[in-house]
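Student: The listed protein sequences derive, respectively, from chains A and C.
Residue numbering for the first sequence follows numbering that gives the first Met the number 0, beginning at 0 and increasing consecutively.
Residue numbering for the second sequence follows numbering that gives the first Met the number 0, beginning at 0 and increasing consecutively.
So that we are looking at the same thing, I have put the structure below in structure tokens.
There are 2 protein chains.
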Amino acid sequence: MPATTDQEAALRIASGRKPFVEPLRLGERLKEIRLANRWTLDSVSQRTGLARSTLSKIENNQISPTFTAVQKLINGLGIDLPQLLSPPKTQAHTLGRRDLTRSGDGQQHPTPTYEHELLSCQLAQKRMIPFKTIVRARDFREFNEWVRHDGEEFLIVLDGCVLLFTEFYEPLRLEQGDSLYFDSDMGHALVSISEQDATVLSVCTSSEIALESAAARSCS
Amino acid sequence: MPATTDQEAALRIASGRKPFVEPLRLGERLKEIRLANRWTLDSVSQRTGLARSTLSKIENNQISPTFTAVQKLINGLGIDLPQLLSPPKTQAHTLGRRDLTRSGDGQQHPTPTYEHELLSCQLAQKRMIPFKTIVRARDFREFNEWVRHDGEEFLIVLDGCVLLFTEFYEPLRLEQGDSLYFDSDMGHALVSISEQDATVLSVCTSSEIALESAAARSCS
DNA sequence: ATGACAAGTTCACTATAGGAAACAAAGTTT
DNA sequence: AAACTTTGTTTCCTATAGTGAACTTGTCAT
Numbered sequence: 000m001p002a003t004t005d006q007e008a009a010l011r012i013a014s015g016r017k018p019f020v021e022p023l024r025l026g027e028r029l030k031e032i033r034l035a036n037r038w039t040l041d042s043v044s045q046r047t048g049l050a051r052s053t054l055s056k057i058e059n060n061q062i063s064p065t066f067t068a069v070q071k072l073i074n075g076l077g078i079d080l081p082q083l084l085s086p087p088k089t090q091a092h093t094l095g096r097r098d099l100t101r102s103g104d105g106q107q108h109p110t111p112t113y114e115h116e117l118l119s120c121q122l123a124q125k126r127m128i129p130f131k132t133i134v135r136a137r138d139f140r141e142f143n144e145w146v147r148h149d150g151e152e153f154l155i156v157l158d159g160c161v162l163l164f165t166e167f168y169e170p171l172r173l174e175q176g177d178s179l180y181f182d183s184d185m186g187h188a189l190v191s192i193s194e195q196d197a198t199v200l201s202v203c204t205s206s207e208i209a210l211e212s213a214a215a216r217s218c219s
Numbered sequence: 000m001p002a003t004t005d006q007e008a009a010l011r012i013a014s015g016r017k018p019f020v021e022p023l024r025l026g027e028r029l030k031e032i033r034l035a036n037r038w039t040l041d042s043v044s045q046r047t048g049l050a051r052s053t054l055s056k057i058e059n060n061q062i063s064p065t066f067t068a069v070q071k072l073i074n075g076l077g078i079d080l081p082q083l084l085s086p087p088k089t090q091a092h093t094l095g096r097r098d099l100t101r102s103g104d105g106q107q108h109p110t111p112t113y114e115h116e117l118l119s120c121q122l123a124q125k126r127m128i129p130f131k132t133i134v135r136a137r138d139f140r141e142f143n144e145w146v147r148h149d150g151e152e153f154l155i156v157l158d159g160c161v162l163l164f165t166e167f168y169e170p171l172r173l174e175q176g177d178s179l180y181f182d183s184d185m186g187h188a189l190v191s192i193s194e195q196d197a198t199v200l201s202v203c204t205s206s207e208i209a210l211e212s213a214a215a216r217s218c219s
């Protein structure tokens with residue numbers, strides 16, 4: 000069905016437009032993802048709210064889904080659009096790296112209010128920086144400066160209860176198991192509101208700056 | 000039609016509530032691009048082959064374009080999809096995103112042997128994919144296939160005790176608090192060796208098939 | 001003002017995407 | 001092997017996306 004007409008092509012040529020990108024084979028890719036997960040059309044239907052028949056037709060390129068349908072797909076399946084559009088992948092078998100950090104064996108960076116423990120620091124060239132932070136119990140009035148660094152950050156409370164401040168939003172009260180994903184160039188700060196220290200696990204994207212700002216205040 | 004305001008969106012994000020979709024504001028973004036280039040609806044119509052009226056309705060969120068229409072836009076205007084989907088840049092750069100997931104409120108993806116809970120899945124375009132996995136107690140002889148996906152993975156045991164197999168190395172016994180960073184295109188697999196289920200938090204670098212492969216091996 | 005033009009919106013209609021149910025094919029159970 | 005289940009396809013209908021034409025609005029020229 001999705002066949003670009005000669006008229007369109009003529010228009011494009013006449014207007015000096017650049018050659019068009021190859022039509023994205025949405026159907027094949029969707030089917031690939033579905034099969035890789037051992038999902039049935041029915042289960043995908045339940046997850047996405049789209050009818051089984053609709054999914055079948057999309058997979059077989061019999062219809063072109065509306066954008067809302069695409070949204071339902073990416074939301075329901077928990078995938079990304081780039082992922083949905085990327086062509087089938089061939090696996091490259093390289094010798095992988097791995098870096099074990101036993102509990103408590105990370106690199107310690109104590110500061111007055113935080114206690115950072117850098118994890119997996121044997122490995123250079125990582126795309127993520129994981130670290131544990133112990134937030135000492137304190138009066139939250141002490142908080143006076145935003146932490147801010149390039150990239151994105153994921154954070155989950157392992158123990159205790161914290162108040163998480165971020166720019167532009169109200170503070171959040173996070174308890175054990177609660178997690179937050181945010182743009183870390185947005186100012187943020189943690190305060191423990193339990194009587195004891197709280198422990199938080201964070202993972203930042205991207206190298207230096209993340210490490211620098213997150214652990215930085217360590218060295219005085 | 001469905002015209003959610005920025006304010007509403009901010010409120011929804013701030014409140015952290017929400018079992019459903021973050022609507023991508025395609026219309027605003029398209030209009031923004033068009034105006035930035037001093038294009039008229041007519042010229043865009045010629046470039047893309049879409050009717051002037053159709054473009055108007057898309058810009059005003061009166062219809063949800065089909066995927067073929069989106070492709071015509073991308074091709075005709077010489078832009079790429081991420082560009083089209085990036086939020087209207089009015090405040091987007093100053094206002095950071097954040098996505099709260101309360102404990103247990105992630106997107107559940109149960110399988111026979113694992114129980115995946117996708118965290119922070121309201122946020123598209125992330126560079127990391129965080130998820131919790133409950134590894135059901137079982138005989139590890141059942142493990143017979145590697146999980147393998149592009150990118151890097153960080154993993155920490157929240158509860159219980161697991162045996163982690165990776166290609167090229169010996170298996171590792173990981174207990175609560177132990178963590179591992181590894182190249183995830185290297186085959187890996189988890190087996191619980193505690194009497195109870197074990198809980199593991201993983202963070203994958205984005206893009207590829209993080210969920211797909213992570214959830215894949217479910218059925219043997 | 002008023003006509004002329006240009007840019008955008010709305011209308012009326014056609015094409016097609018989405019959904020319910022019937023169908024087909026293959027696997028299970030009895 | 002017949003009855004049933006499960007998974008994917010096809011059919012038919014309705015909801016809606018896409019189109020050309022009519023309509024509206026704004027700007028400019030005279």
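In this text, a Cβ means the ideal position worked out from N, Cα and C, and glycines have one as well.
Compute the beta-carbon to beta-carbon distance between L83(A) and R28(A), rounded to the nearest angstrom, for a pair I have assumed lies under 8 Å.
Tutor: Within the first sequence, the letter at position 84 stands for residue 83(A). Within the first sequence, the letter at position 29 stands for residue 28(A). The pair is a contact, with the Cβ atoms about 6 Å apart (cut-off 8 Å).
Student: From the DSSP output, in three-state form, read off K131(A) for me.
Tutor: Along the first sequence, one-based indexing puts residue 131(A) at 132. DSSP places K131(A) within a strand segment (E or B) once states are collapsed to three.
Student: Are there 16 or more other CB atoms within 10 angstroms of the CB of N59(A), so buried, or fewer, so exposed?
Tutor: The residue labelled residue 59(A) in the question sits at position 60 within the first sequence. Exposed, by the Cβ-count rule.
Student: For R24(A), decide whether its Cβ has a neighbour in chain C, counting only Cβ atoms nearer than 8 Å.
Tutor: Numbered from 1 along the first sequence, position 25 holds the residue referred to as residue 24(A). It does not: the Cβ of R24(A) has no partner Cβ on chain C nearer than 8 Å.
Student: Would the segment 166 to 186 of chain A count as touching the segment 103 to 116 of chain A if we require 3 or more Cβ pairs under 8 Å?
Tutor: no
Student: Run down chain C in chain order and give the residues with a C-beta less than 7 Å from the C-beta of V69(A).
Tutor: For the purposes of this step, residue 69(A) is taken as residue 70 along the first sequence, with counting starting at 1. From the beta-carbon of V69(A), the residues of chain C found nearer than 7 Å are F66.
Student: For D182(A), would you say it is in contact with chain C, using Cβ-to-Cβ distances shorter than 8 Å as the test?
Tutor: In the first sequence, counting from the first residue as 1, residue 182(A) sits at position 183. For D182(A), the nearest CB of chain C lies under 8 Å from its own CB, placing it at the interface with that chain.
Student: How would you write the range of the alpha helix (DSSP H) that V43(C) sits in, first residue to last?
Tutor: Along the second sequence, one-based indexing puts residue 43(C) at 44. Where V43(C) is concerned, the enclosing alpha helix (DSSP H) stretches over 40 to 47.
Student: Below 8 Å on the Cβ atoms is my guess for E144(A) versus V202(A); work out the distance and round it to an integer in Å.
Tutor: Along the first sequence, one-based indexing puts residue 144(A) at 145. Along the first sequence, one-based indexing puts residue 202(A) at 203. E144(A) to V202(A), Cβ: 22 Å. No contact.
Student: Determine, using beta carbons only, whether L171(C) comes closer than 8 Å to chain A.
Tutor: For this step, residue 171(C) is matched to residue 172 along the second sequence. So, interface residue.
Student: What does a CB cutoff of less than 8 Å around G48(A) pick up in its chain, not counting 5 residues either side in sequence?
Tutor: For the purposes of this step, residue 48(A) is taken as residue 49 along the first sequence, with counting starting at 1. Answer for G48(A): K71, G75, listed in chain order.
Student: Could you tell me which of D79(A), G26(A), L117(A) sits nearest to K56(A), measuring between CA atoms?
Tutor: Here residue 56(A) corresponds to residue number 57 of the first sequence, with the count starting at 1. Answer by Cα proximity: G26(A).
Student: Hey, would you say V199(A) sits closer than 8 Å to L162(A), going by beta carbons?
Tutor: Within the first sequence, the letter at position 200 stands for residue 199(A). Within the first sequence, the letter at position 163 stands for residue 162(A). No, the pair does not count as a contact, with Cβ atoms beyond the cut-off.
Student: As a quick exercise: from F66(C), R96(C), C160(C), pick the residue whose alpha carbon is nearest that of I192(C).
Tutor: Here the question's residue 192(C) lines up with position 193 in the second sequence. Closest option to I192(C), Cα to Cα, is C160(C).
Student: Taking all protein chains shown into account, decide if Q121(C) is buried (16 or more other Cβ within 10 angstroms of its Cβ) or exposed.
Tutor: Indexing the second sequence from 1 puts residue 121(C) at position 122. So Q121(C) counts as buried.
Student: With 16 other CB atoms within 10 Å as the buried threshold, where does T67(C) fall?
Tutor: Residue mapping note: residue 67(C) aligns to position 68 of the second sequence, counting from 1. Buried, by the Cβ-count rule.
Student: Rounded to whole angstroms, what's the CA-CA distance from A136(C) to T53(A)? Just pull it up for me.
Tutor: Counting from 1 along the second sequence, the entry for residue 136(C) is found at position 137. Counting from 1 along the first sequence, the entry for residue 53(A) is found at position 54. The straight-line gap from Cα to Cα measures roughly 38 Å.
Student: Step through the CB atoms of chain A and report whether any lies within less than 8 Å of the CB of E98(C).
Tutor: By 1-based counting over the second sequence, the position of residue 98(C) is 99. One detail in the question is off: residue 98(C) reads as Asp in this sequence, not Glu. With 8 Å as the cut-off, D98(C) counts as an interface residue toward chain A.
Student: Say whether chain A places a C-beta atom closer than 8 Å to the C-beta of G176(C).
Tutor: Position 177 of the second sequence, counted from the first residue, corresponds to residue 176(C). Output row for G176(C): interface = yes.
Student: Could you give the distance in angstroms between the alpha-carbon of P64(A) and the alpha-carbon of P64(C)?
Tutor: For this step, residue 64(A) is matched to residue 65 along the first sequence. For this step, residue 64(C) is matched to residue 65 along the second sequence. Going by the C-alpha atoms only, they are around 9 Å apart.
Student: Between which two residues does the alpha helix (DSSP H) containing I192(A) stretch?
Tutor: Taking the first sequence and counting its residues from 1, one reaches residue 192(A) at position 193. Note, I192(A): premise wrong, no alpha helix (DSSP H); not H, not E.
Student: Please name the residue in I128(C), Q45(C), T132(C) whose C-alpha comes closest to that of G150(C).
Tutor: Taking the first residue of the second sequence as position 1, residue 150(C) is located at position 151. Closest option to G150(C), Cα to Cα, is I128(C).
Student: Going straight from the alpha carbon of D41(C) to that of I32(A), what length do you get?
Tutor: Taking the second sequence and counting its residues from 1, the one referred to as residue 41(C) is at position 42. Taking the first sequence and counting its residues from 1, the one referred to as residue 32(A) is at position 33. Their backbone Cα atoms lie some 39 Å apart in a straight line.
Student: Please go through the same chain and pick out, in chain order, the residues whose beta-carbon is closer than 6 Å to the beta-carbon of A91(A), but skip the five residues on each side of it.
Tutor: For this step, residue 91(A) is matched to residue 92 along the first sequence. Residue confidence for A91(A) is low, a pLDDT of 36 falling below 50, so the modelled location carries little weight; the figure read from the coordinates is stated next. Counting only Cβ-Cβ distances below 6 Å, and skipping sequence neighbours, we find nothing.
Student: Chain C partners of L84(A), CB-CB under 8 Å?
Tutor: As a first step, residue 84(A) is located in the first sequence; it is residue number 85 there, counting from the start. Within chain C, L80 have C-beta atoms less than 8 Å from the C-beta of L84(A), given in sequence order.
Student: Could you check whether the Cβ of I155(A) sits closer than 8 Å to any Cβ belonging to chain C?
Tutor: Taking the first residue of the first sequence as position 1, residue 155(A) is located at position 156. Yes - at least one Cβ of chain C is within 8 Å of the one on I155(A).
Student: List the DSSP bridge partners of L173(C).
Tutor: Residue 173(C) sits at position 174 when you count from the first residue of the second sequence. According to DSSP, which records beta bridges pairwise, L173(C) is partnered with V161(C).
Student: Under the rule that 16 or more other beta-carbon atoms within 10 Å means buried, what is T93(C), buried or exposed?
Tutor: By one-based count along the second sequence, residue 93(C) stands at place 94. Confidence in T93(C) is poor, its pLDDT being 49 and thus under 50, which makes the residue's placement unreliable; the coordinate value appears in the next sentence. Classification for T93(C): exposed.
Student: Give a yes or no on whether the C-beta atoms belonging to F164(C) and A188(C) are separated by under 8 Å.
Tutor: The residue labelled residue 164(C) in the question sits at position 165 within the second sequence. The residue labelled residue 188(C) in the question sits at position 189 within the second sequence. Cβ atoms of F164(C) and A188(C): closer than 8 Å.
Student: Identify the contact partners of G159(C) in chain A, using a Cβ-Cβ distance below 8 Å as the criterion.
Tutor: The sequence position of residue 159(C) within the second sequence is 160, counting from 1. Here the premise fails: no neighbours, minimum Cβ distance about 13 Å.
Student: Cα separation between R51(C) and V69(A)?
Tutor: Position 52 of the second sequence, counting from 1, holds the residue named residue 51(C). Position 70 of the first sequence, counting from 1, holds the residue named residue 69(A). The straight-line gap from Cα to Cα measures roughly 24 Å.
Student: Between R126(A), D158(A), H148(A), Y180(A), which lies nearest to T132(A) when the distance is taken from Cα to Cα?
Tutor: Within the first sequence, numbered from 1, the residue matching residue 132(A) stands at position 133. Of the candidates R126(A), D158(A), H148(A), Y180(A), the one whose C-alpha sits nearest the C-alpha of T132(A) is D158(A).
Student: For the alpha helix (DSSP H) containing L54(C), list its first residue and its last residue.
Tutor: Sequence index remark: in the second sequence, residue 54(C) carries index 55 (1-based). Run containing L54(C): 51 to 58, per the alpha helix (DSSP H) assignment.
Student: Judging by CA-CA distance, which residue of R24(A), F181(A), L118(A) is the nearest neighbour of V156(C)?
Tutor: For the purposes of this step, residue 156(C) is taken as the residue at position 157 of the second sequence. When only C-alpha atoms are compared, the closest one is L118(A).
Student: To the nearest angstrom, how far is it from the Cα of R172(C) to the Cα of Q195(C)?
Tutor: Taking the first residue of the second sequence as position 1, residue 172(C) is located at position 173. Taking the first residue of the second sequence as position 1, residue 195(C) is located at position 196. Cα-Cα distance, rounded: 15 Å.
Student: Give the residues from the segment 185 to 205 of chain A that approach chain C closer than 7 Å (Cβ to any Cβ), ordered along the chain.
Tutor: Per Cβ criterion, the list reads M185, L200, V202, T204.
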